[in-house]
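Q: Take this structure, written in structure tokens, and hold onto it; I'll ask about it next.
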Amino acid sequence: MRIVDLIAKKQHGEALKTEEIKFMVQGFTTGEIPDYQMSAMLMAIYFKGMNDQERSDLTMSMVESGETIDLSAIHGVKVDKHSTGGVGDTTTLVLAPLVASLGVPIAKMSGRGLGHTGGTIDKLEAIPGFHVELSQEDFIELVNKNKVAVVGQSGNLTPADKKLYALRDVTGTVESIPLIASSIMSKKIAAGADAIVLDVKTGAGAFMKNDEDARELAHAMVKIGNMVGRNTMAVISDMSQPLGYAIGNALEVKEAIDTLNGHGPADLVELCLTLGSQMVHLAGIGNDLAEARDLLEENLHNGKALEKFKVFAASQGGDTAVIDYPEQLPQAAYQIEVKAARDGVVSGIVADELGIAAMMLGAGRATKESKIDLAVGLMLNKKVGDAVKQGESLVTIHSNQTDNSAVEAKIKNSITISDDAQPLPLIHEVITD
Ligand code: URA
Ligand code: CA
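Reading the sequence shown from the start, the letters are residues 6 to 438 in my numbering.
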């Protein structure tokens with residue numbers, strides 16, 4: 006087999022066979038196939054696409070390129086949730102203990118990464134003492150005992166994806182549905198998921214800026230998952246405005262605690278119940294989605310979800326006093342109100358702009374080396390569809406710097422007030438096949 010022949014084959018729009026895709030991924034991972042040939046192949050894929058079989062072959066070849074996590078010692082169906090990323094997405098912090106409170110095992114591997122705010126691990130580290138350095142044995146033992154644990158990323162998972170993504174980044178081939186879908190799915194499968202619930206975000210603050218692209222990506226990932234034997238479904242949810250009110254690490258932990266206490270923002274609660282009922286249902290608990298949702302709602306109000314969060318945090322070294330007294334979480338030195346310039350109804354909050362504003366305060370990493378300030382961020386006081394009076398606060402800035410004029414200006418520019426506006430629909434679609 007020669008890669009140059011495979012490039013020509015794809016260039017002509019023909020489908021690559023399973024062994025051809027394996028050969029290509031293996032050869033590229035070991036370095037036998039050079040970047041210039043792989044770049045040509047990626048560009049051919051970008052223009053000619055891949056059929057369902059090729060997509061699942063590419064996914065599994067990337068899974069097989071490195072280590073995989075063996076979760077077979079954990080009892081029950083291991084359901085993982087993946088979000089395609091957004092602004093102020095507090096969902097994982099709520100969903101992990103909430104779903105675990107019904108006995109569904111949540112074995113979460115998480116990262117730090119770049120973004121507007123930190124990753125799930127950074128957020129959890131706002132709880133003093135909380136750590137994610139667990140051995141594989143301790144991790145599995147904790148999940149069996151408490152039904153929930155979070156471990157930092159370790160091991161050499163999907164090296165082919167890392168190398169391919171880096172090459173795509175510099176060759177104009179990131180924006181290809183088969184390549185994105187197989188990249189995301191390979192990481193979930195390597196991390197040991199039996200079943201996968203995908204939260205595909207759509208709108209200004211999302212990777213997919215419109216519904217059509219989000220739908221295509223969701224369908225592609227659901228198809229791959231089901232073809233390779235992992236029950237997979239997707240929810241398409243709005244990310245034109247941020248989710249919930251909090252954007253920032255400690256602020257989102259507090260928002261998660263409020264939500265687990267039964268007092269969460271309506272949109273965050275709704276998304277958690279929608280995704281959570283799918284997770285519970287895939288794990289085989291409850292007769293149907295409606296029953297799964299009822300059970301979850303019950304645990305948000307009877308204290309069981311919050312209790313699970315405490316047990317989870319304590320088991321990983323966290324000081325649970327902050328869960329009872331969230332005011333003991335890291336606090337910023339200054340709070341500045343961004344006020345409405347006129348009466349009206351909030352008609353737009355550009356999510357990615359607010360994400361950048363949070364990053365300017367130090368809530369997220371601009372580069373891998375940046376240090377996060379856990380205390381800072383933004384609290385939205387209004388969402389799209391809310392009435393507002395001139396001079397009323399739209400956003401509270403939590404800052405540790407004295408000059409916040411650039412952040413303030415950015416926020417003002419990203420919020421529009423009109424004479425009338427409707428709240429935005431949150432769940433756009435649920436895709437199961
Ligand atoms: N996120 C991923 O993990 N992979 C892609 O290809 C794009 C976004
Ligand atoms: Ca939030």
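Even glycine gets a Cβ: it sits at the ideal position worked out from N, Cα and C.
None of the values given here were measured: they were computed from a predicted structure.
Anyone know if the C-beta pair for residue 273 and residue 95 falls short of 9 Å?
A: It is a contact, given that the beta carbons lie within the stated cut-off.
Q: Can you tell me whether residue 408 is buried or exposed, with buried defined as 16 or more other CB within 10 angstroms of its CB?
A: The residue is exposed, with fewer than 16 neighbouring Cβ atoms inside 10 Å.
Q: Taking the beta carbon of residue 321 as the centre, do at least 16 other beta carbons fall within 10 Å, making it buried, or is it exposed?
A: Residue 321 comes out buried.
Q: May I have the straight-line CA-CA distance separating residue 47 from residue 241, to the nearest angstrom?
A: Spanning the two alpha carbons is a distance of roughly 27 Å.
Q: Using DSSP bridges, identify the partner residues of residue 339.
A: According to DSSP, residue 339 bridges with 404.
Q: Which partner residues does residue 328 have in the DSSP bridge list?
A: Answer is none; residue 328 lacks a bridge partner.
Q: How would you label residue 284, buried or exposed, when you count the other beta carbons within 10 angstroms and need 16 or more for buried?
A: Classification for residue 284: buried.
Q: Among all residues, which have a Cβ less than 7 Å from at least one non-hydrogen atom of ligand 2, and in what chain order do they fall?
A: Chain-ordered list of matching residues: 93, 94, 95, 247, 248, 249, 250, 251, 252, 257, 260 and 273.
Q: Give the range of the beta strand (DSSP E) segment to which residue 178 is assigned.
A: First-last for residue 178: undefined, no H or E at that position.
Q: Quick one: measure Cβ to Cβ for residue 70 and residue 26, integer angstroms, because I've assumed they're closer than 8 Å.
A: Actually they do not touch by this definition, with Cβ atoms about 12 Å apart.
Q: Alpha carbon to alpha carbon, how far is residue 454 from residue 86?
A: In this structure the chain extends from 6 to 438, so residue 454 is not present and cannot be described.
Q: Consult DSSP for residue 96 and reduce its assignment to one of helix, strand or coil.
A: Helix at residue 96.
Q: I'd like to confirm something about residue 192: is its beta-carbon nearer than 8 Å to some heavy atom of ligand 1, or not?
A: For ligand 1, at least one heavy atom lies less than 8 Å from the Cβ of residue 192.
Q: Answer yes or no: does any C-beta atom of chain B fall closer than 9 Å to that of residue 298?
A: Protein chain content of the structure displayed is limited to a single chain, and chain B is not contained in it.
Q: The alpha helix (DSSP H) with residue 433 in it runs from where to where?
A: That residue, residue 433, is in no alpha helix (DSSP H); its beta strand (DSSP E) goes 432-436.
Q: Alpha carbon to alpha carbon, how far is residue 236 from residue 437?
A: In a straight line, the C-alpha of residue 236 is about 9 Å away from that of residue 437.
Q: When you compare each of 261, 246 and 194 to residue 431 by their alpha carbons, which one comes out closest?
A: Of 261, 246 and 194, the residue nearest in Cα terms is 246.
Q: Taking 6 Å as the limit between beta carbons, can you name the residues of its chain near residue 16, skipping five residues before and five after?
A: Contacts found: 49.
Q: Among residues of its own chain, excluding the 5 on either side of residue 76, which ones have a beta-carbon nearer than 6 Å to its beta-carbon?
A: Result list for residue 76: 83, 112 and 197, in chain order.
Q: Given that a residue counts as buried once 16 or more other Cβ atoms are within 10 Å of its Cβ, and exposed if not, what is residue 7?
A: Under this definition residue 7 is an exposed residue.
Q: Is residue 438 a contact residue of ligand 1, with contact defined as CB to any heavy atom under 8 Å?
A: Flag unset: Cβ of residue 438 not near ligand 1.
Q: Give me the DSSP bridge partner(s) of residue 204.
A: Its beta-bridge partners are 88 and 240.
Q: Cutting at 6 Å between CB atoms, please list the residues of its own chain near residue 132, excluding the five before and the five after it.
A: Closer than 6 Å at Cβ, skipping near neighbours: 318, 323 and 327.
Q: For residue 113, report the span of its beta strand (DSSP E) as first-last.
A: From DSSP, the beta strand (DSSP E) with residue 113 extends over 111-115.
Q: According to DSSP, which residues form a beta bridge with residue 384?
A: Note: residue 384 sits in a beta bridge opposite 251 and 401.
Q: Flag this pair as yes or no: are the beta carbons of residue 194 and residue 230 separated by less than 9 Å?
A: Against a cut-off of 9 Å, the Cβ pair of residue 230 and residue 194 comes out as a contact.
Q: With DSSP as the reference, identify every bridge partner of residue 154, one or two as the case may be.
A: According to DSSP, residue 154 bridges with 112.
Q: My understanding is that residue 384 touches residue 250, with C-beta atoms under 8 Å, so please give their C-beta distance in whole angstroms.
A: That pair is a contact at about 6 Å.
Q: Run the proximity test for residue 179: is its beta-carbon closer than 8 Å to any non-hydrogen atom belonging to ligand 1?
A: For ligand 1, at least one heavy atom lies less than 8 Å from the Cβ of residue 179.
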